[in-house]
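Per UniProt numbering, residue 1 is the first one in the sequence shown, and the count goes up by one each step.
Positions of the beta carbon are idealized from the N, C-alpha and C atoms, including for glycine.
Structure first, commentary second.
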Amino acid sequence: MSTITAKTQKLSIVQAVTDGLRTVMKEQEEVLVLGEDVGKNGGVFRATEGLQEQFGPDRVIDTPLSESGIVGTAIGLAINGFLPVVEMQFLGFIYPAYEQIMTHATRIRMRTLSHFHVPLVIRAPYGAGVKAPEIHSDSVEALFTHMPGIKVVCPSNPYDAKGLLIASIDDPDPVLFLEPMRSYRAFKDEVPTDRYTVEIGKASLVEEGTDLTLIAWGAMVPLAVKAAQKVREQNIHCDVLDLRTLYPLDKEMIAESVQKTGRAVIVHEAHATSGLGTDIIALIQDTSFLYLKSPIQRVTGFDVPVPFYTLEQHYLPNEDQIIEAIHKAIQF
Numbered sequence: 001m002s003t004i005t006a007k008t009q010k011l012s013i014v015q016a017v018t019d020g021l022r023t024v025m026k027e028q029e030e031v032l033v034l035g036e037d038v039g040k041n042g043g044v045f046r047a048t049e050g051l052q053e054q055f056g057p058d059r060v061i062d063t064p065l066s067e068s069g070i071v072g073t074a075i076g077l078a079i080n081g082f083l084p085v086v087e088m089q090f091l092g093f094i095y096p097a098y099e100q101i102m103t104h105a106t107r108i109r110m111r112t113l114s115h116f117h118v119p120l121v122i123r124a125p126y127g128a129g130v131k132a133p134e135i136h137s138d139s140v141e142a143l144f145t146h147m148p149g150i151k152v153v154c155p156s157n158p159y160d161a162k163g164l165l166i167a168s169i170d171d172p173d174p175v176l177f178l179e180p181m182r183s184y185r186a187f188k189d190e191v192p193t194d195r196y197t198v199e200i201g202k203a204s205l206v207e208e209g210t211d212l213t214l215i216a217w218g219a220m221v222p223l224a225v226k227a228a229q230k231v232r233e234q235n236i237h238c239d240v241l242d243l244r245t246l247y248p249l250d251k252e253m254i255a256e257s258v259q260k261t262g263r264a265v266i267v268h269e270a271h272a273t274s275g276l277g278t279d280i281i282a283l284i285q286d287t288s289f290l291y292l293k294s295p296i297q298r299v300t301g302f303d304v305p306v307p308f309y310t311l312e313q314h315y316l317p318n319e320d321q322i323i324e325a326i327h328k329a330i331q332f
């Protein structure tokens with residue numbers, strides 16, 4: 001993590017994203033923002049509000065409604081010396097661009113023996129909880145963590161949102177930057193006004209305990225923290241890990257924590273089947289099997305498309321489910 005000054009301002013996650021973009025765009029003319037409605041309208045969630053007025057339409061570019069075209073254009077720009085930051089209005093809208101990402105963006109470095117690389121950032125609001133229709137609420141990070149060549153980053157708070165976004169723009173290779181939209185304006189934190197980075201690939205120990213390891217990311221982190229605080233009243237003390245980067249995982253911190261506590265509960269709102277939790281279980285089995293005191297528990301979304309808003313809260317993991325999983329692991 002880079003050195004920062006003491007001057008801060010209180011920002012929400014979406015404001016921290018805007019501040020991160022503005023910080024980097026002031027420094028580097030090569031940084032371009034592309035996407036549907038990112039210019040005049042400031043983006044569907046207003047994450048790019050004011051940037052076109054400040055930097056002009058040649059650097060904050062309103063595009064046609066064509067996700068494949070946006071990402072394909074950005075790949076070409078990245079290969080030719082620009083630092084494009086693409087906004088997907090919702091992660092579920094990325095599917096038309098999937099071919100561009102998986103066939104080209106992730107492979108150009110290897111295909112050209114590192115003669116060319118793709119310094120591209122794709123920002124994508126993801127997840128349920130804002131009463132949007134189903135494809136707007138998808139949490140399909142596992143589609144991208146499966147593919148070498150692209151990093152997958154997911155902040156849970158404003159400080160990490162700005163620092164990880166700047167680190168992603170600095171990164172010489174493609175980064176999918178997932179933004180938990182239910183947390184966009186849920187709370188504010190102090191965020192440094194200057195440039196700083198949060199290292200990609202490093203998890204954060206949010207709460208410290210000795211009895212169990214809670215592993216979460218994005219919008220699930222505040223839930224995990226609340227659950228950990230409630231069970232503390234029952235004398236159950238949890239490590240809470242915010243993964244922050246989903247690929248590459250911080251394998252060392254996961255193993256170190258589980259070897260200390262001997263128990264683990266993984267929380268994600270994506271579907272259970274082939275979700276990232278499956279890989280984390282495999283990682284724990286590989287590194288820490290002999291330390292385990294009970295089977296690893298998962299709290300996830302159901303294996304169905306995200307339902308309409310009347311059932312949305314039933315689909316999403318909640319504190320009670322997390323606490324139940326903690327008790328199950330402790331009482332095994």
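A direct Cα-Cα distance of roughly 29 angstroms separates Thr210 from Ala186.
The region 246–263 and the region 220–231 do not touch, with fewer than 3 CB-CB distances between them shorter than 8 angstroms. Excluding sequence positions up to five before and after Ile284, its CB lies within less than 8 angstroms of the CB of Ile254, Ala255, Val258, Ala264, Leu292 and Ile296, all in the same chain and listed in chain order. Take Ile108, set aside five residues on each side of it, and the residues of its chain with a beta-carbon closer than 8 angstroms to its own are Ile75, Ile79, Phe116, His117 and Val118, in chain order. Rounded to the nearest angstrom, the Cβ distance from Leu276 to Ala128 is 16 angstroms, too far for a contact under 8 angstroms. Contact between the region 144–160 and the region 54–73 is absent: fewer than three C-beta pairs spanning the two stretches fall below 8 angstroms. By the criterion of a C-beta distance shorter than 6 angstroms, Asp62 is surrounded in its chain by Gly39, once the five residues flanking it on both sides are discounted. Leu212 places its beta carbon less than 7 angstroms from that of Ile326. Excluding five sequence positions before and after Ala16, the CB atoms of its chain that fall closer than 6 angstroms to its own CB belong to Pro158, Ala161, Lys162 and Val191, given in chain order. With a beta-carbon spacing of about 7 angstroms, Val86 and Val121 fall inside the 8 angstroms limit used to define contacts. With distances taken between CA atoms, Val152 lies nearest to Thr245 out of Thr245, Thr8, Asp19 and Thr278.
Contact check for Glu269 and Gly301: beta-carbon distance about 5 angstroms, within the 8 angstroms limit, so the pair qualifies.
Partner residues in the beta bridge of Tyr126, as assigned by DSSP, are Pro180.
Ser168 counts as buried, since at least 16 other C-beta atoms from the protein chains shown sit within 10 angstroms of its C-beta.
Annotated three-state conformation of Ala16 is helix, per DSSP. When the five nearest sequence neighbours on each side are left out, the beta carbons in the same chain lying within less than 6 angstroms of the beta carbon of Ser156 are those of Gly218, Val221 and Asp242, in order along the chain. Residue environment analysis places Glu179 among the buried positions, since at least 16 neighbouring C-beta atoms fall within 10 angstroms of its C-beta. Boundaries of the beta strand (DSSP E) harbouring Gly301: Gln297 to Gly301, taken from the DSSP string. Across the structure, Ala272 and Ser139 are spaced so that their CA atoms are roughly 11 angstroms apart.
Here Met25 is actually not in contact with Phe45; their C-beta atoms are around 18 angstroms apart, not less than 8 angstroms. Within the DSSP bridge table, the entry for Asp242 names Ser204 and Ala216 as partners.
Taking the Cα positions, Pro125 is about 34 angstroms away from Ser288. In this structure, Lys202 lies away from Ser12, with their beta-carbon atoms at least 7 angstroms apart.
Counting along the chain, the unbroken alpha helix (DSSP H) around Gly69 starts and ends at Glu67 to Ile79. By the neighbour-count criterion, in which a residue is buried when 16 or more other Cβ atoms sit within 10 angstroms of its Cβ, Gln313 is exposed.
Ranked by Cα distance from Ile150, the options Ser183, Glu233, Ile135 and His104 are led by His104.
Secondary structure at Val140: coil, using DSSP grouped into helix, strand and coil.
Judged by DSSP in its simplified three-state form, Pro248 adopts coil rather than helix or strand. The C-alpha of Leu21 is placed about 20 angstroms away from the C-alpha of Ala6. Residue nearest to Pro305 within the set Arg59, Pro133 and Ile281 is Pro133 (criterion: CA-CA distance). Residue range Glu319 to Ile330 is occupied by the alpha helix (DSSP H) that includes Lys328.
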